[in-house]
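Numbering (my numbering), first residue to last: 1 to 219.
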């Protein structure tokens, strides 16, 4: 495949192991897609949405729970997909859907509409994204797997710190609907292109080995 060929050429020409390019792609997803539908981000929206729409806070908790249950149901299917096709396309599609659902949340006016937008987003957060990222990293790393996973975890932590603050800033300056749009657009910009372009299922698909030699750069 042409797209695999250019990745293979890139992998051979880089001065460091291509697995770190894969990690950089997962970092982009973890910082954006993996945090938009997190409880930490949703909590910033609870007060302004409750105030404007007259909803109870239990409604938001219910959406989180339903989304988590849906993720449990689809996780076996997601696992089979990842085993067969890898995580790149799945993470890119998850980012597209999450961004679209975030924009959709800016338009909600009823509990049903909110559940229709947030529950699938939470399901993606708890299912495809949480499964796809560590699986992809584990496929590429053996000896340096803890470091690679730690780098990605750091990106998730940074996103969980930055996204709620960014949302709160936009809510204060504009309103909660604008904040949801901004979160969705950010996901489109950061979370879609890197995984679809640069991620490959396994290093063997590019003619590489699962870990660089101990004396390699970034090994």
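Think of the CB as a built atom: it goes at the ideal place given N, C-alpha and C, for glycine as much as any other residue.
Looking at the backbone, the Cα of residue 211 and that of residue 157 are separated by about 26 Å. In terms of Cβ geometry, residue 160 and residue 35 form a close pair [threshold 8 Å]. Residue 200: not part of any alpha helix (DSSP H); DSSP gives it neither H nor E. Per DSSP, reduced to three states, the secondary structure at residue 52 is helical. Residue state for residue 30 is assigned as helix, using DSSP reduced to three classes.
For residue 142, there is no enclosing alpha helix (DSSP H), as DSSP marks it with neither H nor E. Residue state for residue 184 is assigned as helix, using DSSP reduced to three classes. Counting along the chain, the unbroken alpha helix (DSSP H) around residue 104 starts and ends at 88–105.
The beta carbon of residue 97 is closer than 8 Å to those of 120, 121 and 124 in its chain, skipping five residues each way along the sequence.
Contact check between the stretch 17–30 and the stretch 185–199: three or more CB pairs, one atom from each, fall below 8 Å, which counts as touching.
Per DSSP, the unbroken alpha helix (DSSP H) holding residue 114 starts and ends at 111–124.
Relative to the Cα of residue 78, the nearest Cα in the group 127, 8 and 201 belongs to 127. Assigned with DSSP and collapsed to three states, residue 37 falls in coil, not helix or strand. As the crow flies, the alpha-carbon of residue 181 is around 25 Å from that of residue 152. Residue 174 counts as exposed, since fewer than 16 other beta carbons sit within 10 angstroms of its beta carbon. Residue environment: residue 6 is assigned as exposed (fewer than 16 neighbouring CB atoms within 10 Å of its CB, all protein chains considered).
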